[in-house]
Amino acid sequence: MNESEIRRLIDQVRDNGISRKQFIRHMIGAGLTVPMAAQMLLTSGLAQAQTASNYKPTKRGGGGALKVLWWQGATLLQPHFASGTKDQEGSRIFYEPLGAWDADGNLIPILAAEVPSLANGGVSRDGKSITWKLKKNVQWHDGKPFTADDVVFTAAYAADPATSAYTSGSYKDVKVTKVDSHTLKVEYQKPSPFWADPFVSAAGMIIPKHIFESFKGATSRDAPANLKPVGTGPYKFVDFKPGDMLRGAINTNYHEANRPYFDTIEMKGGGDAVSAARAVLQTGEYDYAWNLQVEDELLVRLEQGGKGKTSIIPGGNIEFIQLNMTDPWTETDGERSHPKSKHPILTEFAVRQAISLCIDRDGVQKFIYGRTGIATANFLNNPQRFVSKNTKYEFNPDKAAQVLETAGWKKGADGIREKGGKKLKLVFQTSINSPRQKTQQIIKQAAQKAGIDIEIKAIPASVYFSSDPANPDTYTKLFVDMQMFTTTMPQPDPEIFMNQYLSDQFATKANKWLGRNSTRYSNPEYDKTYLAAQSEMDPVKRAALFVKMNDMPVNDIAIIPVVYRPRVSAAVNNLVAPLSGWDNDLWLLKDWYKNT
Amino acid sequence: MFRYILRRLLIAVPSLLGISLVLFSVLALAPGDPFSDLVSNPNIPAEVALALRQKFGLDDPLMVRYWNWLTAMVQGDWGYSFISRINVETLIMQRIPVTLLVIGSSQVLALCIAIPVGVYAATRPYSLFDQIASTLAFIGFSLPTFFTGILLILFFSIHLDWLPFVYRADIPETGWRFFWEHFKQMIMPVTVLGLFQAGALTRYVRSAVLDIIRLDYVTTARSKGLSEKVVITKHVLRNALIPVVTLVALQMPAIFGGAIVTEQIFRVPGIGSLIISSMLANDTPVVMAVTFVFSTLVIACNLFADILYGWLDPRISYN
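Protein chains in written order, with this note's numbering: chain A, 3 to 598; chain B, 1055 to 1373.
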């Protein structure tokens, strides 16, 4: 099935020629998955059928206490200052966005009456404006009504540079206007195929105007409500001790029938991931534990306790290796890894190819990550429609040796290859983290066989992931030959995720190494494709553009994907907790319940 | 006496200044900053991190930052947490009661074990009891708390399923259940800390009693026909405890330090777990305030021990 055919079908659905179901069946016939087909309709502006909820309780409350364990406790409850997910999750108990992402990357209305689409007039034809219709009869926890004013205020609050909101990126370039008390219009500067960023998911939590009005801008840090949230969510605020305990009680005026199920919620912070897994899987002391960065082997053993189970939710996070395209060892204009410099060895394709052949991804998955890291050839692994079929990986040190031999790299007396007086020696850095050091070892050994000498370097995570301009060991600087880390894909749309290979994103001294392209990969074709994708309103074409972008650095072997990392959490057996790899764990807290 | 205390207090001021300067420089030189998370997040514009650094004065030179901190501290302003965005003293005050409860209970437990065991062992030196007590005491202070803590969790929480291993400062129950739940969750952390302390203390009590028991006045008391019980409690113990009391006072800061690990293992929301999470988040003002509290405590405890010693032992003079 080719592109024009798909487009014809979508048009038919639009004109009610065929039903949504028929369309999806056609697409499955063409080898696509259901969520992928559903997404095509969504981004083409066709309202999607609500995913049938499995929510069973028939009355509000009565579920007792829900006890969740966050081994890094929430430290503040203002969603627009939430730097890590721990704070977003804490805020998410009380605040809600207009829409949220489900596990398949579909947009689900929360405070919105419906998801904007071309069909319902919510998405303009030119892709430059969105109209959100809000749910009526939603109340803030203090009884005041929720209106479009609150949403407009939230945008203004976050966009104000003096507020220094962590979410400002989602709001600074959009214009939000109120249409009537429950309708608002969001205007974008250019056609925006990915319009679902402001007011959606973690960055989109709406805060009440009447509470925060006098704390906008420079005074934002003084707002008492930063620690005592007043939201619209399923639970009302009771008590908060930063980093330790967060408690909430049922919101009896919640805007959806029969929800929530639990009478109270308790989020305990502190400790470590392993004991958090124990408290759920082995003793059942807690109902749910977040972000279990624990070796899979141990998780499997804990699960045998029979009290709980782990959930492994796919998202877009990827553990990958970057090869430095610039020269980290000599200074050009007083700067190492200067954009204008060329790496003495790694600019040769054969060398990059040989390194890639020395990486045993299946072995890394099997022996190190288990269910929590799946071997992949792609940088972009999710949602399905963005996944490239044009890439593959191979582990074959002998072939690597051959490739190098043909390219003129001859083995010296010490077993290390050299050419033109240059030795095939590389420094490979990553953060201190046991699975990463094991991966480094696996790669080093295979590379040795092929005649490449890899020197391993491990840096404490607090240094490696910091932004300190004076420290040479941060990952954005990449002052060595290669490095490995996980980059996170926070949204189901790859637009922001894929900006890290743009030429104008180079990490340089001038931008204090805040640029995201630390590999220093530069390809005019990539830049052009990215620009085209940014305003491509046709979802099928746009997906194809992202696949093309994935293929460029991957097939040029500027980067080597290793494993993609699903999110891992644990819940007691009878807890029903819908999770999503594209949103916070508590994105659908209103639908959590226990089977009795 | 009063002059002595005054002199000691005056000496404490430059020591505290020196300590604060060292702490501040070390923290400032340490890598990482509280807003490093922002940089790796593609959704947050780089300007936000820069604006925040400026707003919280992180771009000022070290001495300016130190001076700002010091002047604020003198006025009773402990600083402002970058991460929680509230005042540091609020954060510390929330945590102190739990720490005091856990540390206090463990200290009481340690004394309840160390004094009777130490005295009994000293009155029968090299007996079987003494040897067993000495061995256990050695094991007690050789095993680190993070090891015994995990051992207890594995045995009592996971194997037997008797005790909870997640400590909760606010228990919703009321009445007797409230106390019962509190008691149950405190057993393990208090035992871990208490036994660790008891090990060292038992050895100390034993040797102190051994020193005294050989003295002539004890023989005199015995020859007067006093019962062994009276000799031990009235004549030996009172004098033997003088150095023990000083030791306890001197050790208080060390106990706070030891509690850091225990608090982390059992998720006790005390000042120790606060300092760990703040360090991990590079929340310098909180780390600074807590370490400063600890160092003040060291100085105060030293002073307290000296004064107490003189009060208990009139032979000591302060001139």
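Where is the CB? At the ideal position from N, CA and C, for every residue including glycine.
Small disclaimer: the values here were computed from a predicted structure and weren't measured.
Exclusion of the five residues before and after proline 210(A) leaves Trp142, Asp152 and Val232 as the residues of its chain whose Cβ lies within less than 6 Å of its Cβ. In this structure the segment 246-266 of chain A lies against the segment 59-78 of chain A, because at least three pairs of beta carbons, one per stretch, are closer than 8 Å.
With its beta carbon less than 8 Å from one in chain B, phenylalanine 83(A) belongs to the interface. Just measuring C-alpha positions, the residue of Trp589(A), Val578(A), Glu297(A) and Asn586(A) sitting nearest tyrosine 595(A) is Val578(A). As the crow flies, the alpha-carbon of glutamine 450(A) is around 13 Å from that of valine 429(A). Judged by beta-carbon spacing, leucine 1301(B) lies beyond the 8 Å limit of cysteine 1355(B), meaning their Cβ atoms are not closer than that value. With a cut-off of 8 Å on Cβ pairs, the segment 265-277 of chain A is not in contact with the segment 1249-1269 of chain B, counting fewer than three such pairs. Taken atom to atom, the span from the alpha-carbon of phenylalanine 201(A) to that of alanine 572(A) is near 29 Å. DSSP, reduced to helix, strand and coil, places aspartate 470(A) outside both helices and strands of the structure shown, so it counts as coil. For arginine 569(A), no alpha helix (DSSP H) segment is defined; the enclosing uninterrupted segment is the beta strand (DSSP E) at 569-574. Only those residues of the segment 267-285 of chain A whose C-beta falls short of 9 Å from the nearest C-beta of chain B are listed: Glu268, Lys270, Gly271, Gly272, Gly273, Asp274, Ser277, Ala278, Arg280, Ala281, Gln284 and Thr285. Take glutamine 80(A), set aside five residues on each side of it, and the residues of its chain with a beta-carbon closer than 6 Å to its own are Asn228, in chain order.
For the pair lysine 187(A) and valine 1347(B), the Cα-to-Cα distance works out to about 52 Å.
About 4 Å separates the beta carbons of leucine 547(A) and alanine 535(A), which is inside the 8 Å limit, making them a contact pair. Per DSSP, the beta-bridge partners of threonine 133(A) are Lys187(A). Distance check between serine 537(A) and each of Ala102(A), Pro111(A) and Lys130(A) places Lys130(A) closest, using alpha-carbon atoms only. The bridge partners DSSP lists for isoleucine 376(A) are Tyr566(A).
The C-beta of lysine 1278(B) comes no closer than 8 Å to any C-beta of chain A. Apart from the 5 residues on each side of it in sequence, glycine 317(A) sits with its Cβ closer than 6 Å to the Cβ of Arg569 and Gly583 in its chain, given in chain order.
For aspartate 182(A), the uninterrupted beta strand (DSSP E) segment begins and ends at 176-182. Within a 10 Å sphere around the beta-carbon of glutamine 507(A) sit 16 or more other beta-carbons, which makes this residue buried. Taking 8 Å as the cut-off, the beta carbon of valine 574(A) is found closer than this to the beta carbon of lysine 309(A). In the structure shown, glutamine 80(A) adopts coil according to DSSP, grouped into three states. Uninterrupted beta strand (DSSP E) stretches at least 3 residues long and entirely within the segment 462-514 of chain A occur at 484-489, given in chain order.
Burial state of tryptophan 1234(B) is exposed, judged by a 10 Å Cβ sphere holding fewer than 16 other Cβ atoms. For lysine 1278(B), no alpha helix (DSSP H) segment is defined, and its DSSP state is neither H nor E. For aspartate 455(A), the three-state secondary structure derived from DSSP is strand.
A Cβ-Cβ contact shorter than 8 Å links threonine 510(A) with glutamate 337(A).
Counting every other CB atom within 10 Å of its CB across the protein chains shown gives valine 1076(B) a total below 16, marking it as exposed. At the C-beta level, threonine 285(A) and isoleucine 370(A) stay beyond 8 Å of one another. By the C-beta criterion, the segment 1110-1128 of chain B is judged not to be in contact with the segment 1358-1368 of chain B, since fewer than 3 inter-stretch pairs fall below 8 Å. Distance between valine 181(A) and glycine 1229(B), taken at the CA atoms: about 55 Å. Taking 8 Å as the threshold, the shortest C-beta distance from asparagine 1122(B) to chain A does not fall below it. The Cβ atoms of isoleucine 315(A) and asparagine 383(A) lie no closer than 8 Å to each other.
Ranking Met554(A), Pro492(A) and Ser339(A) by CA distance to the CA of alanine 512(A) puts Ser339(A) first.
Excluding residues up to 5 positions away in sequence, Val353, Lys424, Leu426, Leu428 and Asp483 lie with their Cβ nearer than 8 Å to the Cβ of isoleucine 347(A) in the same chain.
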